[in-house]
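> Just so we're aligned, residue 0 is where the sequence shown starts under numbering that gives the first Met the number 0, counting upward by one. Take a look at the following structure, please.
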Amino acid sequence: MKEKGKIISLSATGLDSPGLVAKITTKIFEMNGNIIDVEESCRRGLFYIFLIIDFSASEHSMDSISAALDSIGDETGLKIILGIYDEEEISYVPQKENHMVTVLGEDKPGIIAKISTFFHQYNISIENCRMIARGKFFSMEMAIDMSQMRVQTGLSRDKAIDKMSTELKKLCKRLNQSVVVQSEDIYQRGKKLIVFDVESTLIQDHSLGNFLGKIEGKVGPIDSETKFRDAHEDKIETLIENARVLKGIPISDFEKFGDILELNPGALELIAILKSMGFKIALLTSGFNFFTKKIFEAAGVDYAFSNTLKADEKGIITGKLEEPIITSDSKQEILEFIMNVEKIGPDQVIAVGDGSTGSHFIENVGLSIAFKPDEKSIKTDGILSSDRIMNMLYCLGIPKAELDRHLKSGSS
C-alpha cells in the first residue's frame, strides 16, 4: 500500500537542452522515488515533462523531497510545479475513447478557436494537436478523447457520436474546411488498398456532361422518361441499362468520345504518390472501359473494373454488354472480391466517392471519404469539399515536408 501523501506530480517546462530528462530522473532516483507515469515532449525548442512519482518507499521526509525536486529548477532553468496526488485519483483512469480529426482547407483566422470551442461544448478533450501544413493551405490533426462526451437524453452513445460528427462537418462546411473523423484504432491500423469511384472522383464533371451530350447527339435522348438528378452518374447508369440504343454504332467512333473525358487536376499525380507509398489502387466505374483506360495506362493501377460493350467481327456495337455488368449495386461485391484477393479486411481499405447512393460501397471500410458531396450525402468518415482531389493525402496524416518530397520525386 502506497503511503498517502507521498505520491507527487511533477511538471517541468522551459527551454530544451541535452540531458534534461537524465537530470530530472536521476534526482528522483537519489530520493528513492519510483516513477509510475511519465509523459515528455519537445517542440520548437520548448521542453515539457509530466511525472507521477511514488516516494512511499523513501526514507526522506516530504520537505527534503520537495526541496530536492525544487532544486531541479535551479540546476536546469526549468519551471517546476509540484503537487500531491491521492492514490485513488491515480488508480481510477477512465477508459479513453480516442478519435483522430483531420481538418484541411484555406487558412484563415479562427479555425482552431471555433473547432476547439465546439469540442468544449460537447465536453470532448483535445489530447493532442499538430499542424500538418500551414500557409495559404491549412491542415491540422487533433487527437480527441470522447469518453466524457455529453450525451443528449434519449440518444444512444453511437447515435450521439454520429450527431456530434454531423454537427462538426456542418461547422467545417461553414468555415470552408474539409474534415475527416476516424476512431484511433482504425486510424492506426495500416491501410493497404485505396478504391476510387471513377466517375464521381477522378473525372471532371463538366467533361462527363460533354461526353453524354455527344452520345445523345449520335443516338438521341438516352431515356426521355427518366428524371435525372444534377450529377451525371445517373445518366451513365441509365445508358448502361439501355445499351441497346447504341446498336449499330462503330465501336471506334464510340471510343473516340472517350477522348472528351478530362481527369480532375492532380488525379494521376495522386495515384502515383499513393503507389510510391505502397498502396494498392483499385478503380471502379459503372461506366465504360475507356473511363478507366487512360488512368490505367498512365498510372499503372492494380485493379480496374468497368463495363465493356460487345462488338461484332466488323467492330459494330451489338447493343449488349459483356458479363459481368457493373452497376452501383455490384461495386460492393467487387470490393469484397479485391479484399479476398489481397487477403485484407475492410479496416485496411480507404474508399473515395462522392457520397451519393451510387457510391454507397464506400460506407463499410476503414476510411470513407466523400469528394464534393451534395446535401444528401450518405454517412462517411470525412468530406473533401475542395476541388483538389490531391488534398486527400492530408487525411492520411502525411506531414507537408514528406508530401513535398513525394511531389518533387513524382514530377522528376
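C-beta atoms are modelled at their ideal positions from N, C-alpha and C, and glycine is treated no differently. Please read these numbers as outputs of a predicted model, since none were measured by experiment.
Got a sec, what are the start and stop residues for the alpha helix (DSSP H) Leu273 sits in?
Looking at the DSSP string, the run of the alpha helix (DSSP H) that includes Leu273 is Ala266 to Ser275.
> Could you pull out every unbroken beta strand (DSSP E) segment of at least 3 residues lying fully inside the segment 76 to 135, listed in chain order?
Fully enclosed beta strand (DSSP E) runs of 3 or longer: 78 to 83, 97 to 105 and 124 to 132.
> Report the rounded CA-to-CA distance for Ala271 versus Tyr302, giving the unit in angstroms.
For Ala271 and Tyr302, the distance between alpha carbons rounds to 14 Å.
> DSSP three-state label for Pro345, please.
Three-state DSSP puts Pro345 in a helix.
> Have a look at the DSSP bridge pairing and note the partners of Asn33.
BP columns for Asn33 point to Asp53.
> What is the DSSP secondary structure of Val300, reduced to helix, strand or coil?
Reduced to three states, the DSSP call for Val300 is coil.
> Within its chain, find whatever has a CB closer than 6 Å to the CB of Arg404; leave out the 5 residues flanking it on each side and keep chain order.
There are no such residues.
> Compute the Euclidean distance between the alpha carbons of Lys78 and Asp204, then round it to the nearest angstrom.
Taking the straight line from one Cα to the other gives about 58 Å.
> With a cut-off of 8 Å, do at least 3 Cβ pairs link the segment 23 to 37 to the segment 48 to 61?
A contact exists between the segment 23 to 37 and the segment 48 to 61.
> What residues are listed by DSSP as bridge partners for Glu38?
DSSP lists Phe49 as partners of Glu38.
> Do Ile430 and Lys191 have their CB atoms nearer than 9 Å?
In the structure as shown, the chain begins at 0 and stops at 411. Residue 430 is therefore absent and cannot be evaluated.
> Would you tell me roughly how many angstroms separate the C-alpha atoms of Thr200 and Gly18, rounded to the nearest one?
One C-alpha to the other measures close to 51 Å.
> Give the range of the alpha helix (DSSP H) segment to which Phe253 is assigned.
Phe253 -> alpha helix (DSSP H) spans Ile250 to Lys255.
> By how many angstroms is the C-alpha of Ala297 removed from the C-alpha of Lys226?
With a pLDDT of only 37 at Lys226, under the threshold of 50, the placement of this residue in the model should not be trusted; the figure read from the coordinates follows. About 35 Å.
> Kindly indicate if chain B contains any beta-carbon less than 9 Å away from that of Gly265.
In the displayed structure, chain B is absent; only one protein chain is listed.
> May I ask which residues mark the beginning and end of the beta strand (DSSP E) holding Ile368?
First-last of the beta strand (DSSP E) with Ile368: Leu366 to Phe370.
> Taking the alpha carbon of Arg43 as the point to measure from, which residue in Val244, Ser65, Met130 and Lys26 has its own alpha carbon closest?
Closest option to Arg43, Cα to Cα, is Met130.
> Count the other C-beta atoms from every protein chain shown that fall within 10 angstroms of the C-beta of Gln94, then say buried if there are 16 or more, exposed otherwise.
The residue in question, Gln94, is exposed, as its Cβ has fewer than 16 Cβ neighbours within 10 Å.
> Just mark Phe336 as buried or exposed, buried being the case when its beta carbon has 16 or more other beta carbons within 10 Å.
Classification for Phe336: exposed.
> Have a look at Lys427 and Glu96 and give me their C-alpha separation to the nearest angstrom.
Beyond the ends of the chain as shown, which are 0 and 411, falls residue 427; an answer cannot be given.
> Just verifying my parser: in three-state terms, what is the DSSP assignment at Glu362?
DSSP places Glu362 in coil when its eight states are reduced to three.
> Using the three-state DSSP reduction, which class does Leu395 fall into: helix, strand or coil?
Three-state DSSP puts Leu395 in a helix.
> Is the beta carbon of Thr75 closer than 9 Å to that of Leu45?
Taking 9 Å as the Cβ cut-off, Leu45 and Thr75 do not qualify as a contacting pair.
> DSSP three-state call for Ser327: helix, strand or coil?
Correct three-state label for Ser327: coil.
> Would you identify the three-state DSSP class for Met139, choosing helix, strand or coil?
Three-state result, Met139: strand.
> How would you call Glu322, buried or exposed, if buried means at least 16 neighbouring beta carbons within 10 angstroms?
So Glu322 ends up on the exposed side.
> Pull the bridge partners of Glu10 from the DSSP assignment, please.
The question names Glu, but residue 10 in the sequence shown is Ser. Phe49 and Ile80.
> Take Ser55 as the anchor and find which of Lys162, Met30 and Gly352 has the nearest alpha-carbon.
If we check each option's Cα against that of Ser55, Met30 comes out closest.
> Is the Cβ-Cβ distance between Val348 and Leu366 less than 9 Å?
For Val348 and Leu366, yes; Cβs fall inside 9 Å.
> Which residue marks the beginning of the beta strand (DSSP E) containing Ala281, and which one marks its end?
Start and end: Lys279 to Phe287.
> Could you round the C-beta distance between Lys26 and Leu68 to whole angstroms and report it? I think they count as a contact, below 8 Å.
Sure, about 7 Å apart at Cβ, within 8 Å.
> Just to confirm my understanding: we take Met0, look at its own chain, exclude 5 residues before and 5 after, and list those with CB closer than 7 Å. What are they?
Residue placement at Met0 is flagged as unreliable, the pLDDT there being 37, under the threshold of 50; the coordinate-derived value follows with that caveat. Excluding sequence neighbours, Met0 sits near nothing in its chain.
> If we ignore side chains and look at the alpha-carbon of each, how far apart do Thr165 and Pro264 end up?
Spanning the two alpha carbons is a distance of roughly 29 Å.
> Going by DSSP, name the residue or residues bridged to Phe195.
DSSP output for Phe195 lists Leu282 and Val351 as bridge partner(s).
> Since Lys158 is in the alpha helix (DSSP H), which residue starts that stretch and which ends it?
Counting along the chain, the alpha helix (DSSP H) containing Lys158 begins and ends at Arg156 to Arg173.
> Are the CB atoms of Ser177 and Ser358 nearer to each other than 9 Å?
Result no, Cβ atoms of Ser177 and Ser358 do not sit closer than 9 Å.
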